[in-house]
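Undergrad: Dumping the structure here so I can ask a few things about it.
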């Protein structure tokens, strides 16, 4: 939590002066009852109209000064809290940009977004209120007591007794209800999930005739929320009546004692009125303080979460250019023309005990095309993620251009490796701005060339504005196939040494897929290409095919050799090309 | 206000509109409010009790300062103190304070109960309504909107409308009673206070108007920023892949600084309301003090009287401020109520004919069926089909050609506009929906799983099934292979997003495998599933379909070829039907589709 406070540093002046001005305002408030007492004690008893008018002018001056102090304080705390939140948000955004994929997986997109938006917002709110009010209320409560002592010590003792009791009651009720609020929120989330489930699953629910059961489950959840709400409600229902009762009891005692003091001549009537007024101020401030603490508590919880996120450090550290990790003894050496080599690589995702891939070893020469095929969850994408070092292998070594990926400095790998991810995502902007993600300096000619290879030239030429055509958020104004081709072009704009296409042609029809692969092959320049696919047709022409099965390499080689030696590959191939099954007549 | 319930809750995003609407829509607002009163039904007595208690406690609490003033008047100066008078006055205060505390406490309890029970009732109605609404209603609205109505709007309704109503009422009572009490003390000063009232009001209004504009600017700026955060953080891995961290950070910086500007002024201006009205209050307070003092000198008022007037002047403004915030809250709540009622009062599905369809043999007849989602956009026209028991019907066509329309009609999720669909010769509109759906097993491509254990999900259609039966079904459907490996097997809690697409579909197949109804509706998955899982799914499908009438939305060559009838759909209509050979021979759209979509698989291998 401490590290968040550093974000307040640039606004130190504001953060300190804002509460001070608020205290000045509170002083104005505290003087008022004294002036009224003077009006009664001197102005009325003498009587002196001029004195009363002077007192009146003093009261007006206090009001105006109080407002001015308050405005200043509001301005300063707005600056401090908004500035703090702005800086924090930027720091959070930048921090997320440094996290490794493993941390991104663990934290999850939704969490990251919530932290950046609503959590930071809550903190800003809490900070703003704290700066303005957190000191003011206790100050007035305490100040009122001090003022009471200056008027009459005997009577002030009633204040000294009443304030702790009142505070105890107010804070006991609050502290008891804060954890309950959290539980209410959880149950509310559950009910929300239940409602959503009923809507998204309406067809299945009706098909299985489960309407009544779903209603029953919803009712149960709703009932438990109601029960919980009511128990919190019963608690907070006590707040108002209890404090009212206490403060008035104290006032009754005050009047009784005050009357005795007046009777004995130690107190004036106006002083009693002042004491009475201070008592009234105390209760208003205590109740304000209580509800303020609820808000602050909420934003402290948010601050804790944000702080946790800020202290997550990336698990991947980048090497220095000079360092070279030595190969372990007994490792098969890598040939000089190797583009990508795996040596007994195993990897398991954090939190899952099982290895996603195990003992992977293979060599890819520069300029080769590699097909990677296998079932869902067999580890195809995992292996691809290890090449640009999105994750670190748990065991074994991954080498790019003969060098351990852990020895590359930051960004060096992503500069030479182009990735077309499974999820074809584009960003708001134009087609040009999206393609330039690959290379900020690319000329229009480069872009068109990439589009041509990605089989997207015609499609882009057909759009209004061509390269300047709008792309909406996520690329939702484009079809799946169009998006996929543009993401391929985006990676090609980079002119990478190694291109990884992670099942990125799934939305293309077979003919386009084929043309695409031919165009990529014809690019030349010695680009090494990985094609991950579930279609044997996409990988059969590759120089090397890796067949994965449940995290293991079930076979590697060319199409023909695998067809001969690898049962897993055979099974996949014939399931997709039943016509070619031996014994069946080949097509004419 | 702590007595009022206060808790974390979702609030509708929009701030209350800037007045004016309420008068324009006052007729419908009143109608909505009446509906709310009707809907709280048996709780109406509670609402009345709450209102009465509010009035009683307000009067008592306002009378207490008068008594305190009187008590102070009994203690004038040294030797001039009326102790018996003070004692009896303080005793009366004791009783009043105790009584009004009790009243407030009971009122708070009643308000809680009233608010939460009303919310629960409305939610109960809403969920029942959701189960009974025609799918045309649900399909045409976003899930988020409906969830918002059921959860957030109901909360807002109970808070804003019921409690707001009580607050409004006690606010008005406070103002009236205060004025009466003040008049009884001193007419002149009261008139002065009364005249000053609008000033505070106007100041508050002026600031609210200014800050509303700034809030809107802040909201728009924040909206842009949130959209950017969603886009970038949501696709962080791609940002990383292209090394765009610095560029993204720079764009974000620009947005962030823009938001800082708007936020600063919005936060500052909105926080001016309280100090300003407080300043006006203080001026009124000073006026009362001065005027009061003059009146005491002239003998028209006592010192206790000043105390009373001052404490009234102090709290007299509060209900005004409260009322103006309650009014915005009420407007908001009425808008929420209107949304909820539009859900709850929407027309339900046509009632069932009380006749059961027995276990079907599986003959399905479609006679001269016309159907469209929108009246003036014709879709299915005069469609006929005869399916014998055990036949396989494949439905093919390009994406978005309306294959689900047929499923909608067969399952009676939608009713035909004209013509009949019959099962074993009985029109499906002449039997209950439940008995019709009991005869179908349905596996959709958009898999849906309940938040619950694997067992809950598989036994969804047959809650009484034993573990043996469940495991047997799972083995047949090939889902046992991955269920077996889950940490708690059948007791593993799964949700819609905790499994791969293929696993989810296998689980959905298992769900149907356990019931084995006589007719099937299957939706083959498209490309997102790998070959191995795909094969397992095909095998499971095959097992399901043995001897059962089945309708399959087909993406697989083998399924299409093995079908007894192929329905070729395009733009929502069935344009061709027949066997594979017939359709190829016919040389129409099917032939074209077949060669582009299915036969193309062999392209590279073509000899």
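Residue numbers (the working numbering), protein chains in the order written: chain A, 769 to 1356; chain B, 16 to 622.
The beta-carbon is built from N, C-alpha and C at its ideal position, and this holds for glycine as well.
Treat the numbers as computed from the prediction; the structure is a model and nothing was measured.
(1) When the Cα atoms are used, what is the spatial distance from residue 1332 of chain A to residue 1344 of chain A?
(2) Please list, in chain order, the chain B residues whose beta carbon lies closer than 9 Å to that of residue 1263 of chain A.
(3) Using 9 Å as the limit for Cβ to Cβ distance, is residue 782 of chain A near chain D?
(4) When you check each C-beta in the region 1192 to 1220 of chain A against every C-beta of chain B, which residues fall closer than 7 Å?
(5) By DSSP, does residue 582 of chain B sit in helix, in strand, or in coil?
(6) Since residue 947 of chain A meets chain B, which of its residues come closer than 7 Å, beta carbon to beta carbon?
(7) Residue 1301 of chain A to residue 1130 of chain A, Cα distance in whole Å?
(8) For residue 96 of chain B, which residues in chain A fall below 7 Å Cβ to Cβ?
(9) Taking just the CA atoms, how far does residue 425 of chain B sit from residue 379 of chain B?
(10) Where do the N-terminal and C-terminal ends of the alpha helix (DSSP H) with residue 1327 of chain A fall, by residue?
(11) If I measure Cβ to Cβ from residue 196 of chain B and keep anything under 8 Å in the same chain, skipping five residues before and after, which residues do I get?
(12) Residues of chain B with CB closer than 7 Å to the CB of residue 1179 of chain A, please, in chain order.
(13) Taking only beta carbons into account, state which residues of the region 864 to 876 of chain A come closer than 7 Å to chain B, listed in chain order.
(14) For the beta strand (DSSP E) containing residue 90 of chain B, list its first residue and its last residue.
(15) Taking the DSSP output, what are the residues bridged to residue 1198 of chain A?
(16) So if DSSP puts residue 593 of chain B in a beta bridge, which residue, or which two residues, is it bridged to?
(17) Could you tell me which chain B residues have their CB closer than 8 Å to the CB of residue 723 of chain A, listed as they occur along the chain?
(18) Mark residue 1009 of chain A as exposed unless 16 or more other C-beta atoms lie within 10 angstroms of its C-beta, in which case mark it buried.
(19) For residue 470 of chain B versus residue 448 of chain B, is the C-beta distance shorter than 9 Å?
(20) For residue 839 of chain A versus residue 176 of chain B, is the C-beta spacing smaller than 9 Å?
(21) Which residues of chain B have a Cβ atom closer than 8 Å to the Cβ of residue 834 of chain A, listed in chain order?
(22) Helix, strand or coil for residue 129 of chain B? Go by DSSP, reduced to three states.
(23) Could you please tell me which residues of the region 369 to 388 of chain B, in chain order, have their CB closer than 7 Å to any CB of chain A?
(24) Spatial neighbours of residue 85 of chain B within its chain, please: CB distance less than 6 Å, with the 5 preceding and 5 following residues excluded, ordered by chain position.
(25) Whose CA, out of A:813, A:801, A:844, lies closest to the CA of residue 826 of chain A?
(26) Which class does residue 375 of chain B belong to by DSSP, given the choice of helix, strand or coil?
(27) Let's see if you can read the secondary structure: which residues bound the alpha helix (DSSP H) around residue 565 of chain B?
(28) Taking the continuous alpha helix (DSSP H) assigned at residue 223 of chain B, which residues delimit it?
(29) Over what stretch of residues does the beta strand (DSSP E) that includes residue 435 of chain B continue unbroken?
(30) What residues in the region 238 to 251 of chain B have a beta carbon less than 9 Å from any beta carbon of chain A?
(31) Using the three-state DSSP reduction, which class does residue 423 of chain B fall into: helix, strand or coil?
(32) Using CA atoms only, rank isn't needed, just tell me which of A:1077, A:828, A:1035, A:1031 is closest to residue 887 of chain A.
(33) Can you give the beta carbon distance from residue 1216 of chain A to residue 1258 of chain A, rounded, assuming they're within the 8 Å contact cut?
(34) Less than 8 Å between C-beta atoms, sequence neighbours within five positions excluded: which residues of the same chain meet that for residue 1189 of chain A?
(35) Pull up the distance between the alpha-carbon of residue 382 of chain B and that of residue 977 of chain A, whole angstroms please.
(36) Hey, residue 989 of chain A and residue 968 of chain A: beta-carbon distance below 9 Å or not?
TA: On the basis of the coordinates in this document:
(1) Straight across, the Cα-Cα distance linking residue 1332 of chain A with residue 1344 of chain A is about 17 Å.
(2) Close to residue 1263 of chain A, with beta-carbon spacing below 9 Å, lies no residue of chain B; the smallest spacing is near 13 Å.
(3) Absence of chain D from the displayed structure is noted, the protein chains being A and B.
(4) Against chain B - using a Cβ distance shorter than 7 Å - the residues of the region 1192 to 1220 of chain A are 1193, 1195, 1196, 1205, 1206.
(5) Of the three classes helix, strand and coil, the one that applies to residue 582 of chain B here is strand, per DSSP.
(6) Under the 7 Å cutoff, chain B gives no residues; its nearest Cβ is about 12 Å from residue 947 of chain A.
(7) About 18 Å.
(8) Correct list: 1027, 1030, 1031.
(9) Straight across, the Cα-Cα distance linking residue 379 of chain B with residue 425 of chain B is about 9 Å.
(10) Start and end: 1327 to 1333.
(11) These residues qualify, in order along the chain: 77, 78, 81, 323, 327.
(12) The contacting residues are 258.
(13) If the cut-off is 7 Å between Cβ atoms, the region 864 to 876 of chain A has 864, 865, 869, 872 near chain B.
(14) 90 to 92 is the extent of the beta strand (DSSP E) around residue 90 of chain B.
(15) Within the DSSP bridge table, the entry for residue 1198 of chain A names A:1238 as partners.
(16) Per DSSP, B:581.
(17) Past the boundaries of the shown model lies residue 723 of chain A; chain A is included only from 769 to 1356, so the question cannot be answered.
(18) Of the other Cβ atoms in all chains shown, 16 or more fall within 10 Å of the Cβ of residue 1009 of chain A; this residue is therefore buried.
(19) Contact annotation: residue 470 of chain B and residue 448 of chain B have beta-carbon atoms that are not nearer than 9 Å.
(20) No, Cβ-Cβ distance for residue 839 of chain A and residue 176 of chain B is not below 9 Å.
(21) Residues of chain B passing the Cβ test: 290, 293, 294, 297.
(22) When secondary structure is reduced to three states using DSSP, residue 129 of chain B falls in the helix class.
(23) So the list is empty, because no residue satisfies the distance condition.
(24) Same-chain partners within the cutoff: 104, 319.
(25) Minimum Cα distance to residue 826 of chain A is reached at A:801.
(26) Reduced to three states, the DSSP call for residue 375 of chain B is coil.
(27) Per DSSP, residue 565 of chain B lies in no alpha helix (DSSP H); the unbroken beta strand (DSSP E) holding it starts and ends at 564 to 568.
(28) Unbroken alpha helix (DSSP H) run through residue 223 of chain B: 202 to 249.
(29) Residue 435 of chain B -> beta strand (DSSP E) spans 433 to 438.
(30) Cβ contacts with chain A: 240, 241, 242, 243, 244, 245, 246, 247, 248, 249, 250, 251.
(31) If DSSP states are grouped into helix, strand and coil, residue 423 of chain B belongs with the helices.
(32) The alpha carbon of residue 887 of chain A has as its nearest neighbour, out of A:1077, A:828, A:1035, A:1031, the alpha carbon of A:1077.
(33) So it is not a contact: roughly 13 Å between Cβ atoms.
(34) If we look at residue 1189 of chain A and ignore the five residues flanking it on each side, its Cβ neighbours are 1255, 1270, 1272.
(35) The straight-line gap from Cα to Cα measures roughly 26 Å.
(36) Residue 989 of chain A is not a Cβ neighbour of residue 968 of chain A, given a cutoff of 9 Å.
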